[in-house]
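Colleague:
Number of protein chains: 2
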Amino acid sequence: MGEFRKPISISEAVLKIMNIRMKGKTEYVSINESYGRFLSEDVLATSDVPHFDRAPYDGYAVRAIDTAEASQQNPVEFEVIDHIGAGLVSNKSVGPFQAVRIMTGAQMPDACDCVIMLELTKDYERDGQAYMSTKRVHKPGENVSFRGEDAKEGDILVSKGTRINPGIQAVLATFGYAKVPVAAKPKVGLFATGTELLDVDEPLEPGKIRNSNSYMISGQMERTGAEVTYFGTLPDDFDTCFEAIKEAIEKVDMLVTTGGVSVGDFDFLPSIYEKLGAEVLFNKVGMRPGSVTTVAHYHDKILFGLSGNPSACYVGFELFARPVIRKMLFSPNPHLRKEKAILDVDFPKANPFTRFVRSKCFITDGKLITTPSGLDKSNIVMSLAGANSLTILPGGTRGYQAGDEVEILLLEEHEGSEWPW
Amino acid sequence: MGEFRKPISISEAVLKIMNIRMKGKTEYVSINESYGRFLSEDVLATSDVPHFDRAPYDGYAVRAIDTAEASQQNPVEFEVIDHIGAGLVSNKSVGPFQAVRIMTGAQMPDACDCVIMLELTKDYERDGQAYMSTKRVHKPGENVSFRGEDAKEGDILVSKGTRINPGIQAVLATFGYAKVPVAAKPKVGLFATGTELLDVDEPLEPGKIRNSNSYMISGQMERTGAEVTYFGTLPDDFDTCFEAIKEAIEKVDMLVTTGGVSVGDFDFLPSIYEKLGAEVLFNKVGMRPGSVTTVAHYHDKILFGLSGNPSACYVGFELFARPVIRKMLFSPNPHLRKEKAILDVDFPKANPFTRFVRSKCFITDGKLITTPSGLDKSNIVMSLAGANSLTILPGGTRGYQAGDEVEILLLEEHEGSEWPW
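These protein sequence lines are chains A and B, in that order.
Residue numbering for the first sequence follows UniProt numbering, starting at 1 and increasing by one per position.
Residue numbering for the second sequence follows UniProt numbering, starting at 1 and increasing by one per position.
Encoded structure:
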């Protein structure tokens, strides 16, 4: 412990993790439970849309040829021989100068090839028989939605990896997907380490703080789309931790620990990984916060040793664990979405390391602006509460001024970026 | 039926609905289940943060006064009398030129008033006793996080109506909120009407389409934060519908029906509302799609008669039902978030009515751009799948060109607008 740690770049760290083969699995859920899940297969049109020629408006279905002589001076009269609502089919055979009253969405009678909108007709009765007349010429196909006009059977309508929204649910229902193929939620285990930790329902004690990381990380996992198994807190004791981690990793796809990774005397997560026989991918990254993140590869699983510091823990999760989870959710864009924004405040102090500042971004007159969401001290959980983004301040020899263009990572966006570094 | 309907403006319609007194209720959930819920009370700091003076770095706690003579030429030596990790409290009394090795987050020993960072010390042993020396003068308070420095007991940390994110979960845990006061999910009932509707698991039939609205609306309700009760489909039959609606409204806070509101011959939702004794607030709105939306007030409940047309249904829900649900979730900004964006395509045709175009907005070089997400025909569910926004094209005598600044409503944003019209 306290041994030399060589920091690697963020991009190297992300690449090492993403190179590990982690595969998603499909499961089928009821369309009723599909909201917010991720498609594990493309959604195909299982039929033409519409699947029959239909009326897009309320009106009269007729043969266009019969309107050829219509004009302001010469209204053409039609005998109304049937009346059909949406969902019904007329069994009448429509002849010359006959019409079927038809509702929006109803199927076109066979012989008809246009719909005259209600507003362009006059209807009346004579001897108990309904008639209508029109003064306008119609072309064949006018006001008809033809079969397959919106989609052809076999078309890809939504790509796999897409998060299911209400509009996609409408598409799934339209095409009969009562059961929807979605990505099984990756199983992620979680431990919080640290003798200083009290549980949320314990009263404060001198020197101790309540464990906030495990609730925060659980929320982050849920937001990303994982299934969280919380294995509890661990004391700063090597053997207890080793046994607990060894047992837990068998039950999950990934295991996250918070705390126990820094260079302090009582830290030992990296040693546990070594004893386990896991391949440590890196134990230090050139970034702030989160530099002491340790990630290891064990069989077909990944161990994330995040810092016990709330901000470092938060950022470490979003940069390193999120893309693995999203990859297992079939996302082609598994990383946090990166966008350009205008900085709202000065950061006068130069910093050798790339920094991720907890930020609140907003749009003013169509332009993206970013501002810190609180004090940028890494022990402050309050600024995490108001953060919807991380502002990236690349390390270098100068500070940053309000008005500078910077890059930000959006925390609450469902659609990510392919490769942000 | 077919009686004259007078359209009112969108802003009038929204106002009429929002003037109805709909109150949210509080319920308590475990912090573990709080992600994505809406706070029904402000979150207060239940203690100072930190609640004790603490070390923000690994190092040695000493009395600053003892470093007064330190310099490059004159390292000052301290006897290391204790060693404390985070969560532990030293019971040693620290005297002149004595130091306690202290870890990040640990409580400061009483007599100490500064921390010397590890990097600025040299440690060694002599006769089995640990010592350290430093060459730097420290001021009282240097490298100490003082009690109450980040937050004072009683401070409001997060406002009610805020959607709980992972950072807020960290705050809740820090302050001992094992049970979190959240808004009870408003209970919203749902019927789909229409003889033309097949269920999602039924094969297609001539003239019929599958019911997609109820799955779509369920997703919209879930996204907004409501609890959905789906009461099934109703045939286009007055008495059956009347009885079903009368019974269902007693079980929910709001009742949404899709279909049965248009001017077609077989529509009758408004008549049902009248027979029920409900006050019809409006039955037509000057907008496209969604003009035939009918909304009624019945006791302390609201009945939303949305169009059966998928797009009209979708837009009607977002404009009229969403803000009521969000109000019951204590949101100060219950409406869809409105932002300015640059239009990506032409809409050459003038239109007398305000239109809501299903759109995909994105950010390019920090600027918000909006483009239609598909064909803008109101029967096309596919364009809803790709929509993350609605582009507002106010009615008037001219069309719109690519490059025009327009307003858009964001569908996937958790933070809304106070009053968008």
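From the three backbone atoms N, C-alpha and C, an ideal C-beta is built for every residue, glycine too.
Between the stretch 155 to 174 of chain B and the stretch 30 to 38 of chain B, do at least 3 Cβ pairs fall closer than 8 angstroms?
Modeller: By the Cβ criterion, the stretch 155 to 174 of chain B is in contact with the stretch 30 to 38 of chain B, since at least three pairs of Cβ atoms, one from each stretch, lie closer than 8 angstroms.
Colleague: Restricting to Cα atoms, I'd like to know which of A:Asp48, A:Ala385, A:Glu250, A:Glu27 is closest to residue 442 of chain A.
Modeller: Within the shown structure, residues of chain A are numbered from 1 to 421, placing residue 442 of chain A beyond reach of any answer.
Colleague: Residues of chain A with a CB under 9 angstroms from the CB of B:Thr258: which are they?
Modeller: Translated into the one-based positions of the second sequence, residue 258 of chain B becomes position 258. Close to B:Thr258, with beta-carbon spacing below 9 angstroms, lies no residue of chain A; the smallest spacing is near 11 angstroms.
Colleague: Could you check what DSSP says for B:Cys112 in three-state terms: helix, strand or coil?
Modeller: Against the second sequence, residue 112 of chain B aligns to sequence position 112. B:Cys112: coil per DSSP, three-state reduction.
Colleague: Flag this pair as touching only if the stretch 227 to 235 of chain B and the stretch 202 to 210 of chain B have three or more C-beta atom pairs under 8 angstroms; answer yes or no.
Modeller: no
Colleague: Would you call B:Tyr314 buried or exposed, if buried means 16 or more other Cβ atoms sit within 10 Å of its Cβ?
Modeller: Position 314 of the second sequence holds residue 314 of chain B. Buried.
Colleague: Is it true that the stretch 95 to 102 of chain B meets the stretch 54 to 62 of chain B, where meeting means three or more beta-carbon pairs spaced less than 8 angstroms apart?
Modeller: yes
Colleague: For chain B, find out if any of its Cβ atoms is closer than 8 angstroms to the Cβ of A:Ala254; answer yes or no.
Modeller: The count along the first sequence starts at 1 and reaches residue 254 of chain A at position 254. For clarity, residue 254 of chain A is Met in the given sequence; the question names Ala instead. So, not an interface residue.
Colleague: Are the beta-carbon atoms of B:Leu281 and B:Ile245 separated by less than 8 angstroms?
Modeller: Indexing the second sequence from 1 puts residue 281 of chain B at position 281. Indexing the second sequence from 1 puts residue 245 of chain B at position 245. No, these two residues do not count as a Cβ contact at 8 angstroms.
Colleague: Counting contacts by CB-CB distance shorter than 8 angstroms, is B:Leu204 in contact with chain C?
Modeller: The displayed structure is made up of protein chains A and B, and chain C is not among them.
Colleague: Count the CB pairs spanning the stretch 73 to 91 of chain A and the stretch 118 to 132 of chain A that are closer than 8 angstroms, and state whether there are at least three.
Modeller: Short answer: they touch.
Colleague: Could you tell me which chain A residues have their CB closer than 7 angstroms to the CB of B:Met382, listed as they occur along the chain?
Modeller: Walking along the second sequence from the start, residue 382 of chain B turns up at place 382. Chain A residues near B:Met382: Asp150, Ala151, Leu157, Val171.
Colleague: List the residues that DSSP assigns as beta-bridge partners of A:Gln129.
Modeller: For the purposes of this step, residue 129 of chain A is taken as the residue at position 129 of the first sequence. Answer is A:Arg126, bridged to A:Gln129.
Colleague: Would you report the Cα separation of A:Thr240 and A:Pro270, rounded to the nearest angstrom?
Modeller: Working through the first sequence from its first residue, we reach residue 240 of chain A at position 240. Working through the first sequence from its first residue, we reach residue 270 of chain A at position 270. Approximately 15 angstroms between the Cα atoms of the pair.
Colleague: With distance defined between alpha-carbon atoms, name the residue in B:His299, B:Gly189, B:Val89 nearest to residue 443 of chain B.
Modeller: Outside the shown range of chain B (1 to 421) lies residue 443 of chain B, about which nothing can therefore be said.
Colleague: Give, in chain order, every residue of the stretch 343 to 362 of chain B whose Cβ lies closer than 7 angstroms to some Cβ of chain A.
Modeller: none
Colleague: Could you have a look at B:Lys6 and say whether DSSP puts it in helix, strand or coil?
Modeller: What you label residue 6 of chain B is simply residue 6 of the second sequence in a count that begins at 1. Correct three-state label for B:Lys6: coil.
Colleague: Please state whether DSSP places A:Tyr57 in a helix, a strand or coil.
Modeller: Your numbering for residue 57 of chain A matches position 57 in the first sequence. The answer is coil: DSSP assigns A:Tyr57 none of H, G, I, E or B.
Colleague: How many Å lie between A:His299 and A:Ser212 at the Cα?
Modeller: Along the first sequence, read from residue 1 onward, the residue named residue 299 of chain A stands at position 299. Along the first sequence, read from residue 1 onward, the residue named residue 212 of chain A stands at position 212. In a straight line, the C-alpha of A:His299 is about 30 angstroms away from that of A:Ser212.
Colleague: In angstroms with no decimal places, state the Cα-to-Cα distance between B:Arg288 and A:Asp199.
Modeller: The residue you call residue 288 of chain B lines up with position 288 of the second sequence. The residue you call residue 199 of chain A lines up with position 199 of the first sequence. One C-alpha to the other measures close to 54 angstroms.
Colleague: Does any heavy atom of the ligand GTP sit closer than 7 angstroms to the C-beta of B:Leu120?
Modeller: The ligand content of the structure shown is nil, which means the ligand GTP is not present either.
Colleague: Can you check whether the CB of B:Thr397 is closer than 8 angstroms to the CB of B:Val357?
Modeller: Working through the second sequence from its first residue, we reach residue 357 of chain B at position 357. Working through the second sequence from its first residue, we reach residue 397 of chain B at position 397. In this structure, B:Val357 sits away from B:Thr397, with a CB-CB distance that is not shorter than 8 angstroms.
Colleague: Whose Cβ in chain A lies nearer than 7 angstroms to the Cβ of B:Met18?
Modeller: Position 18 of the second sequence holds residue 18 of chain B. The premise fails here: B:Met18 is roughly 22 angstroms from chain A at the closest Cβ pair, so nothing lies under 7 angstroms.
Colleague: Would you list the residues sitting across from B:Cys361 in a DSSP beta bridge?
Modeller: Residue mapping note: residue 361 of chain B aligns to position 361 of the second sequence, counting from 1. B:Cys361 is bridged to B:Thr370.
Colleague: Along chain A, which residues have their Cβ under 7 angstroms away from the Cβ of residue 426 of chain B?
Modeller: No statement about residue 426 of chain B is possible, as the shown extent of chain B runs from 1 to 421 and does not include it.
Colleague: If we ignore side chains and look at the alpha-carbon of each, how far apart do residue 467 of chain A and A:Val406 end up?
Modeller: The displayed coordinates of chain A run from 1 to 421. Any statement about residue 467 of chain A would go beyond what the structure contains.
Colleague: Is A:Glu415 buried or exposed, if buried means 16 or more other CB atoms sit within 10 Å of its CB?
Modeller: In the first sequence, the residue the question calls residue 415 of chain A occupies position 415. Its Cβ having fewer than 16 others within 10 Å, A:Glu415 is exposed.
Colleague: Give the interface partners of B:Ile31 over in chain A, defined as CB-CB distance under 8 angstroms, in chain order.
Modeller: Your numbering for residue 31 of chain B matches position 31 in the second sequence. Neighbours of B:Ile31 on chain A, chain order: Val200, Tyr215.
Colleague: Going by Cα to Cα distance, which pick from A:Glu279, A:Glu250, A:Lys251, A:Phe238 is closest to A:Gly259?
Modeller: As a first step, residue 259 of chain A must be located in the first sequence, where it is residue number 259. A:Gly259 has its Cα closest to that of A:Phe238, out of A:Glu279, A:Glu250, A:Lys251, A:Phe238.
Colleague: If you follow the beta strand (DSSP E) that B:Pro181 is part of, which residue opens it and which one closes it?
Modeller: Position 181 of the second sequence, counted from the first residue, corresponds to residue 181 of chain B. Residues 179 to 183.
Colleague: If you draw a straight line from the C-alpha of B:Gly395 to the C-alpha of B:Asn351, how long is it?
Modeller: The residue labelled residue 395 of chain B in the question sits at position 395 within the second sequence. The residue labelled residue 351 of chain B in the question sits at position 351 within the second sequence. Cα to Cα, the separation comes out at about 5 angstroms.
Colleague: Hey, how far is the Cα of B:Pro372 from the Cα of B:Val345?
Modeller: Translated into positions along the second sequence, residue 372 of chain B becomes position 372. Translated into positions along the second sequence, residue 345 of chain B becomes position 345. So the two alpha carbons sit approximately 8 angstroms from each other.
Colleague: Touching or not, the stretch 303 to 313 of chain A and the stretch 323 to 341 of chain B, by the rule of three or more beta carbon pairs under 8 angstroms?
Modeller: Taking 8 angstroms as the limit for Cβ pairs, the verdict is that the stretch 323 to 341 of chain B does not touch the stretch 303 to 313 of chain A.
Colleague: Please go through the same chain and pick out, in chain order, the residues whose beta-carbon is closer than 8 angstroms to the beta-carbon of B:Ile81, but skip the five residues on each side of it.
Modeller: Locating residue 81 of chain B in the second sequence gives position 81, where the first residue counts as 1. The answer, listed in chain order, is Lys92, Val94, Gln98, Ala99, Val100.
Colleague: Quick one: Cα of A:Leu21 to Cα of A:Phe330, how far?
Modeller: The residue given as residue 21 of chain A occupies position 21 in the first sequence. The residue given as residue 330 of chain A occupies position 330 in the first sequence. Reading off the sequence shown, one finds Arg at residue 21 of chain A, where the question assumed Leu. Straight through space, the alpha carbons of A:Phe330 and A:Arg21 are spaced by roughly 13 angstroms.
Colleague: Output needed for B:Lys135: all residues of its chain with C-beta closer than 7 angstroms, excluding positions within five of it in sequence on either side, in chain order.
Modeller: The count along the second sequence starts at 1 and reaches residue 135 of chain B at position 135. Around B:Lys135: Ala70, Ser71, Gln72, Pro75.
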